[in-house]
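The next block holds one structure in the form of structure tokens; read it before the comments.
2 protein chains.
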Amino acid sequence: MTPAGEPYPTDNPLIRKLGRFVPLSGAECAALEQLSANSRKHPAGTDLIVEGDKPKAVFLILKGWAYRYKHLADGRRQIMAYLIPGDLCDIQIFLFEKMDHSIGLLSDAVVVKIPAAEILDLMDRFPRIERALLWGTLVDEATLREWLLNVGQRFALQRVAHLFCELCVRLSVVGLVDDAESFSLPLTQAELADTTGMTTVHINRTLQRMRKEQLIAMSHGRLTILDFERLAEISGFTQTYLHTDGPPIEQRLRSRLSPPM
Amino acid sequence: MTPAGEPYPTDNPLIRKLGRFVPLSGAECAALEQLSANSRKHPAGTDLIVEGDKPKAVFLILKGWAYRYKHLADGRRQIMAYLIPGDLCDIQIFLFEKMDHSIGLLSDAVVVKIPAAEILDLMDRFPRIERALLWGTLVDEATLREWLLNVGQRFALQRVAHLFCELCVRLSVVGLVDDAESFSLPLTQAELADTTGMTTVHINRTLQRMRKEQLIAMSHGRLTILDFERLAEISGFTQTYLHTDGPPIEQRLRSRLSPPM
DNA sequence: CGCAAGTTTGACGCTGCTCAATCACTGTGG
DNA sequence: CCACAGTGATTGAGCAGCGTCAAACTTGCG
Numbered sequence: 000m001t002p003a004g005e006p007y008p009t010d011n012p013l014i015r016k017l018g019r020f021v022p023l024s025g026a027e028c029a030a031l032e033q034l035s036a037n038s039r040k041h042p043a044g045t046d047l048i049v050e051g052d053k054p055k056a057v058f059l060i061l062k063g064w065a066y067r068y069k070h071l072a073d074g075r076r077q078i079m080a081y082l083i084p085g086d087l088c089d090i091q092i093f094l095f096e097k098m099d100h101s102i103g104l105l106s107d108a109v110v111v112k113i114p115a116a117e118i119l120d121l122m123d124r125f126p127r128i129e130r131a132l133l134w135g136t137l138v139d140e141a142t143l144r145e146w147l148l149n150v151g152q153r154f155a156l157q158r159v160a161h162l163f164c165e166l167c168v169r170l171s172v173v174g175l176v177d178d179a180e181s182f183s184l185p186l187t188q189a190e191l192a193d194t195t196g197m198t199t200v201h202i203n204r205t206l207q208r209m210r211k212e213q214l215i216a217m218s219h220g221r222l223t224i225l226d227f228e229r230l231a232e233i234s235g236f237t238q239t240y241l242h243t244d245g246p247p248i249e250q251r252l253r254s255r256l257s258p259p260m
Numbered sequence: 000m001t002p003a004g005e006p007y008p009t010d011n012p013l014i015r016k017l018g019r020f021v022p023l024s025g026a027e028c029a030a031l032e033q034l035s036a037n038s039r040k041h042p043a044g045t046d047l048i049v050e051g052d053k054p055k056a057v058f059l060i061l062k063g064w065a066y067r068y069k070h071l072a073d074g075r076r077q078i079m080a081y082l083i084p085g086d087l088c089d090i091q092i093f094l095f096e097k098m099d100h101s102i103g104l105l106s107d108a109v110v111v112k113i114p115a116a117e118i119l120d121l122m123d124r125f126p127r128i129e130r131a132l133l134w135g136t137l138v139d140e141a142t143l144r145e146w147l148l149n150v151g152q153r154f155a156l157q158r159v160a161h162l163f164c165e166l167c168v169r170l171s172v173v174g175l176v177d178d179a180e181s182f183s184l185p186l187t188q189a190e191l192a193d194t195t196g197m198t199t200v201h202i203n204r205t206l207q208r209m210r211k212e213q214l215i216a217m218s219h220g221r222l223t224i225l226d227f228e229r230l231a232e233i234s235g236f237t238q239t240y241l242h243t244d245g246p247p248i249e250q251r252l253r254s255r256l257s258p259p260m
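Chain order of the listed sequences is W and H. Every letter in the first sequence is one number past the one before it in numbering that gives the first Met the number 0, and letter 233, counting from 1, is 232. Every letter in the second sequence is one number past the one before it in numbering that gives the first Met the number 0, and letter 35, counting from 1, is 34.
So, in structure tokens, the structure goes:
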């Protein structure tokens, strides 16, 4: 087992992410590495699964961006999550009869399709991985709550700022942010609008303002965070809900729970 | 084991709710019944747990209403869930070091505080209960997505209509809606506002409009749905995400998964 | 080079917010 | 039994944030 803080040397995004939740042994890493073997390329713009489908497998994103979304009858759309390398699309969603939302690709992507049975088997064999997956689910849920807060209570500029802070932190966990706090952002303004509950026109004006105020720079599908501190202050962003920084090692958790009270 | 569709006769809201997810045996019902033994009364307005606390237990609501919420620095508040009888407050939340939100009581309530260890034990002994709890978590998450869609994309009247439809369905599952589609709603307009991302003033005007249009009636903390069909149509509500109607029995699910493809 | 997709701009106005006052209800103490 | 206070509901006036519509512009790409 590699001690916490000394991650298993890998560029596998899943191992990188889960390794932050629980320390992973060599065997566990190998199993995860093996999972990633049967990857397939999918082109941008296609859907991995759409509302109404029977979910039979879980998708693991290795490269590229996916997003979770839902349409209303009148054409309005709400984006409910972005899935980046290392993210699993709802580990337990196969319990549902039908998908209640769709998952689409924002860029060309490398994706692993994992049959439900295989996930169950993996969790049986490696309880620590199961625990890490559970962590991941909890973080997804906390993120969803944060998005609700964002859309429900904040102003346009705050919403966008908060989103950018979150993405920056999440992407840096999987090594996709460079030293200049710059990263690939394969989103159109329409997608940003449907994420934050705004219109494209207003997103456009908000982005312009952010550029004028030296908060960000955008070009060629890359976003550069010029002033993370100020973005975080403006939007009230704190990264605790993402649980990226040293979550409790199993040991610590167990001792906290052992005296049942 | 009682066959599906012929529920174990009880007025225990937890059994009532879980029994809809999976068929429960007598032993399982007894275990759940026993859980509910150590209940305590809590007065309205108090918090069960607040942001920053270390979660060590799970709360089960037996009577009354609770709500999950989060404050911003400037005093704005977003309500992120309502918890009604039979609801558990985040079964796995004890994995987190600190609560990232608070849970408060909207009415006098009867609540069971279940130490994390006891929950784990229950899940060990009764896999079917574990499965039902997992279902519950998935439904919570689906509900959160629906709320995000609501707040992000719909107009004021639609938001309120959708919320009322959801509450009506959820409350009727635990037997809290009478024949006239009327139920106790211990919410102030301020709370409705913080749920839907609106102001109290606008909630007030929206409710007036709904009353004038014969959609609802409100008095003495009770809400009567006068025209559920139209409310649902206006807001685009469909109850599928709540998974109240005949979710797959274990058998069906297992056969669907067995050929791993 | 020319199309398609995405971005930007302007004019206009609706939805929903702010502020601030008044009203209604309920429980309290004298 | 009533004055009083506190909480929540209601109202009005004014306006700001953001949406709508429609057109022009820019960029990527075969």
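All residues carry an ideal CB built from backbone N, CA and C; glycine is no exception.
| Item | Value |
| --- | --- |
| With a 10 Å radius around its C-beta and 16 neighbouring C-beta atoms as the bar for buried, classify W:Val73 as buried or exposed. | The amino acid at residue 73 of chain W is misidentified as Val; the sequence shows Asp. The residue is exposed, with fewer than 16 neighbouring Cβ atoms inside 10 Å. |
| If W:Gly235 and H:Gly151 are in contact, beta carbons under 8 Å, what's the gap, nearest whole angstrom? | Not a contact, Cβ separation roughly 18 Å. |
| Is the Cβ of W:Leu162 closer than 8 Å to any Cβ of chain H? | no |
| Determine the closest residue to W:Ala29 out of W:Thr45, W:Thr9 and W:His41, with distance taken between C-alpha atoms. | W:Thr9 |
| Decide if the region 60-72 of chain H is in contact with the region 34-52 of chain H; the criterion is three or more beta carbon pairs, one per stretch, under 8 Å apart. | yes |
| Among H:Leu230, H:Ala116, H:Lys112 and H:Leu206, which one has its Cα closest to the Cα of H:Leu186? | H:Leu206 |
| Quick one: using the 10 Å Cβ neighbour count with 16 as the cut-off for buried, is H:Met217 buried or exposed? | exposed |
| Which chain W residues sit within Cβ distance under 9 Å of H:Asp52? | By Cβ distance, chain W contributes nothing, its closest Cβ being about 13 Å from H:Asp52, past 9 Å. |
| Against chain W, with Cβ distances strictly below 8 Å, would H:Trp146 count as a contact? | yes |
| Decide if H:Glu228 is buried, meaning its Cβ has at least 16 other Cβ atoms within 10 Å, or exposed. | exposed |
| Quick one: is H:Glu249 near chain W, going by C-beta distance under 8 Å? | No answer about H:Glu249 holds up, because its pLDDT of 47 lies below 50 and its placement is not dependable. |
| Taking the runs of the alpha helix (DSSP H) that are 4 residues or longer, which of them lie wholly in the region 105-154 of chain H? | 115-124 and 126-152 |
| Return helix, strand or coil for H:Asp46, following the three-state DSSP convention. | strand |
| Do the region 44-52 of chain H and the region 97-112 of chain H make contact, defined as three or more Cβ pairs closer than 8 Å? | yes |
| Using DSSP with H/G/I as helix, E/B as strand and the rest coil, what is H:Pro12? | helix |
| Name, please, each residue of chain H whose Cβ falls closer than 8 Å to the Cβ of W:Lys69. | Arg144 and Leu148 |
| Quick check on W:His70: does DSSP put it in helix, strand or coil? | strand |
| Does the Cβ of H:Lys16 have 16 or more other Cβ atoms within 10 Å, making it buried, or fewer, making it exposed? | buried |
| Identify the contact partners of H:His100 in chain W, using a Cβ-Cβ distance below 8 Å as the criterion. | Arg144 |
| So W:Ile92 is in the alpha helix (DSSP H); what residue range does that whole segment cover? | Note, W:Ile92: premise wrong, no alpha helix (DSSP H); not H, not E. |
| Do we get a CB-CB distance below 8 Å when we pair H:Arg15 with the residues of chain W? | no |
| Between W:Glu140 and chain H, is any beta-carbon pair separated by less than 8 Å? | yes |
| Starting from W:Phe236, trace the beta strand (DSSP E) in both directions and tell me its first and last residue. | Element bounds for W:Phe236: n/a, residue is neither H nor E. |
| Could you give the DSSP three-state label for H:Ala36: helix, strand or coil? | coil |
| Please state whether DSSP places W:Met217 in a helix, a strand or coil. | strand |
| Out of H:Ala131, H:Tyr81, H:Leu121 and H:Lys53, which has the shortest C-alpha to C-alpha gap to H:Lys97? | H:Lys53 |
| Going by CA-CA distance only, name the one from H:Thr198, H:Pro42, H:Gly220 and H:Lys55 that's closest to H:Ser181. | H:Gly220 |
| Using the beta-carbon count (16 or more within 10 Å), is W:Thr45 buried or exposed? | exposed |
| Thinking just about the alpha-carbon of each residue, which of W:Asp193, W:Gln188, W:Ala115 and W:Ile92 is nearest to the one in W:Arg75? | W:Asp193 |
| In chain H, which residues lie less than 7 Å from W:Arg75 when you measure between Cβ atoms? | Gln152 |
| What does DSSP give as the partner residues of H:Arg158 in its beta bridges? | In DSSP, H:Arg158 forms no bridge with anything. |
| How would you label H:Gly18, buried or exposed, when you count the other beta carbons within 10 angstroms and need 16 or more for buried? | buried |
| Can you check which of these residues, H:Leu191, H:Leu214, H:Glu212 and H:Val173, is closest to H:Asn203 by C-alpha distance? | H:Leu191 |
| Assign W:Pro258 to one of two classes, buried (16 or more other C-beta atoms within 10 Å of its C-beta) or exposed (fewer than that). | For W:Pro258, the predicted model reports a pLDDT of 48, less than 50, meaning its position is unreliable; a value from the coordinates is still stated below. Exposed, since its Cβ has fewer than 16 Cβ neighbours within 10 Å. |
| Quick one: list the residues of chain W neighbouring H:Phe95, beta-carbon separation under 7 Å, in chain order. | Leu137 |
| Grab the span of the alpha helix (DSSP H) containing W:Ile202 for me, first residue to last. | Thr199 to Lys211 |
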